[in-house]
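Colleague: Throughout the sequence shown, residue numbering follows full-length UniProt numbering, covering 1 to 298 in sequence.
Right, I'll just put the structure down here and ask away after.
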Amino acid sequence: MARALQPKDREVTAERLLDSSARNSYSPDIDVDWTAPLHEGKAFMPFERVSLYGTELWERLTPEQRVELSKHEIASMASVGLWFEIVLMQLLARYVYDLDPRTAHAQYALTELGDETRHSIMFAKAVSKTGAPAYGPNRITRALGRWFGGLASGPPMFASVLVAEETTDRVQRAMMDDPEIQPMIRMVNRIHVIEEARHVRFAREEVVRGLKGVGRLRLEFYRLVTALTAYAVVDCMIHPKVYAAVGIDPREGRRVALANPHHQEHRRWMSEKVVEFLTEVGLIGGPSKRIWKRGYLL
1 MARALQPKDR
11 EVTAERLLDS
21 SARNSYSPDI
31 DVDWTAPLHE
41 GKAFMPFERV
51 SLYGTELWER
61 LTPEQRVELS
71 KHEIASMASV
81 GLWFEIVLMQ
91 LLARYVYDLD
101 PRTAHAQYAL
111 TELGDETRHS
121 IMFAKAVSKT
131 GAPAYGPNRI
141 TRALGRWFGG
151 LASGPPMFAS
161 VLVAEETTDR
171 VQRAMMDDPE
181 IQPMIRMVNR
191 IHVIEEARHV
201 RFAREEVVRG
211 LKGVGRLRLE
221 FYRLVTALTA
231 YAVVDCMIHP
241 KVYAAVGIDP
251 REGRRVALAN
261 PHHQEHRRWM
271 SEKVVEFLTE
281 VGLIGGPSKR
291 IWKRGYLL
């Protein structure tokens with residue numbers, strides 16, 4: 001992936017992605033059965049992926065409370081995913097603004113915009129179906145997202161997209177065929193995994209292409225922006241208020257989760273693939289590498 005890409009590669013890749021989109025795209029209104037009841041007693045995500053798993057607080061929870069916490073954590077992740085899809089749509093709309101619409105590259109960027117719109121609707125319906133609140137990111141991250149969506153461009157833009165997409169993709173791949181998970185959640189995950197694979201390919205190539213010939217100072221700036229975005233996105237996936245759903249003080253729940261070795265390892269596992277790629281192309285390194293470590297992403 002880190003080889004020197006030629007101009008024709010962009011069109012070749014876009015044509016392949018357009019063909020894949022035509023053959024393998026989904027509609028949340030048709031392909032997810034929103035009328036089917038949730039399965040009583042089934043978890044919404046694997047318990048070992050719940051932030052408090054392995055802690056004393058987790059041991060005190062009843063089986064019903066564990067299912068309830070898994071529901072609120074997946075709802076929090078979906079809410080943050082929905083928010084980031086909206087940020088991504090802003091980024092893509094600005095990106096395609098100056099492209100030649102006759103090119104396959106521009107047409108695929110527009111196709112991805114359509115995908116992200118459907119994904120946002122799908123996540124919204126999924127959160128509504130669970131009955132949990134639409135947690136979303138905290139106020140500061142939401143404000144930063146407004147700025148990022150309006151200004152970000154180039155390699156940091158696509159690298160940040162990869163962080164959000166590939167971390168959630170890792171979790172969703174682990175759940176989409178798990179018979180112990182709610183069927184509705186499995187189907188949402190399956191749709192997102194299939195369609196996001198194309199988005200990841202698109203973004204990875206643009207990162208490589210955009211870094212060609214970048215000087216040292218600009219590279220360090222790109223590294224810093226990417227590190228800060230990665231930290232913010234992953235850190236806000238589990239809103240502290242999810243713990244109140246099972247009678248745990250939100251501040252205590254977050255404190256215990258952040259100190260939990262299982263949760264720290266979960267964050268590293270989520271980020272493993274994208275961290276490997278971004279390290280290979282040079283977007284992780286230098287002083288900002290400490291930010292990745294502080295967020296338990298390395």
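We treat Cβ as the ideally placed atom computed from N, Cα and C, and that holds for glycine.
Between residue 303 and GLU116, is the Cβ-Cβ spacing less than 8 Å?
Modeller: This structure leaves residue 303 out entirely; the chain is present only between 1 and 298.
Colleague: Rounded to the nearest angstrom, how far is the Cβ of PHE47 from that of ILE74, given a contact under 8 Å?
Modeller: No, PHE47 and ILE74 are not in contact; Cβ-Cβ is about 12 Å, not under 8 Å.
Colleague: Rounded to whole angstroms, what is the Cα-Cα separation between GLY286 and THR168?
Modeller: Distance between the alpha carbons of GLY286 and THR168 is about 26 Å.
Colleague: Measure the CB-CB distance between ARG186 and ASP178 and report whether it falls below 8 Å.
Modeller: A contact, by the Cβ cut-off of 8 Å.
Colleague: Using the rule of at least 16 other Cβ atoms within 10 Å of the residue's Cβ for burial, across every protein chain shown, is ALA14 buried or exposed?
Modeller: Buried is the call here.
Colleague: Taking the continuous alpha helix (DSSP H) assigned at TRP269, which residues delimit it?
Modeller: Note, TRP269: alpha helix (DSSP H), 261-280.
Colleague: Within the chosen definition, does the segment 257-265 reach the segment 140-155 through at least 3 CB pairs nearer than 8 Å?
Modeller: Not touching, per the Cβ criterion.
Colleague: Within its chain, find whatever has a CB closer than 8 Å to the CB of LEU18; leave out the 5 residues flanking it on each side and keep chain order.
Modeller: Cβ within range, chain order: ALA104, GLN107, TYR108 and THR111.
Colleague: Between the Cα of ASP149 and those of PHE123, GLU166, VAL127 and TYR95, spot the shortest distance and give me the residue it belongs to.
Modeller: For clarity, residue 149 is Gly in the given sequence; the question names Asp instead. Among PHE123, GLU166, VAL127 and TYR95, the Cα nearest to that of GLY149 belongs to TYR95.
Colleague: If you run the structure through DSSP and keep just helix, strand and coil, what is ILE185?
Modeller: Helix.
Colleague: Taking the alpha-carbon of ARG143 as reference, which of THR229, ARG198 and ALA124 has the nearest alpha-carbon?
Modeller: Checking the sequence, you will find Ala at residue 143 rather than Arg. Looking at the Cα atoms, THR229 is the closest of the given residues.
Colleague: Mark ARG160 as exposed unless 16 or more other C-beta atoms lie within 10 angstroms of its C-beta, in which case mark it buried.
Modeller: Position check: residue 160 holds Ser in this sequence, whereas Arg was assumed. So SER160 ends up on the buried side.
Colleague: If you measure from the CB of PRO287, is any heavy atom of the ligand ATP nearer than 7 Å?
Modeller: Ligands displayed in this structure: none; no statement on the ligand ATP is therefore possible.
Colleague: Within the continuous alpha helix (DSSP H) that includes ALA75, where are the two ends?
Modeller: Looking at the DSSP string, the run of the alpha helix (DSSP H) that includes ALA75 is 63-97.
Colleague: Using the C-alpha atoms, what's the distance from TYR135 back to HIS239?
Modeller: The straight-line gap from Cα to Cα measures roughly 6 Å.
Colleague: For ALA43, write down the residues that DSSP places opposite it in a beta bridge.
Modeller: DSSP output for ALA43 lists ILE181 as bridge partner(s).
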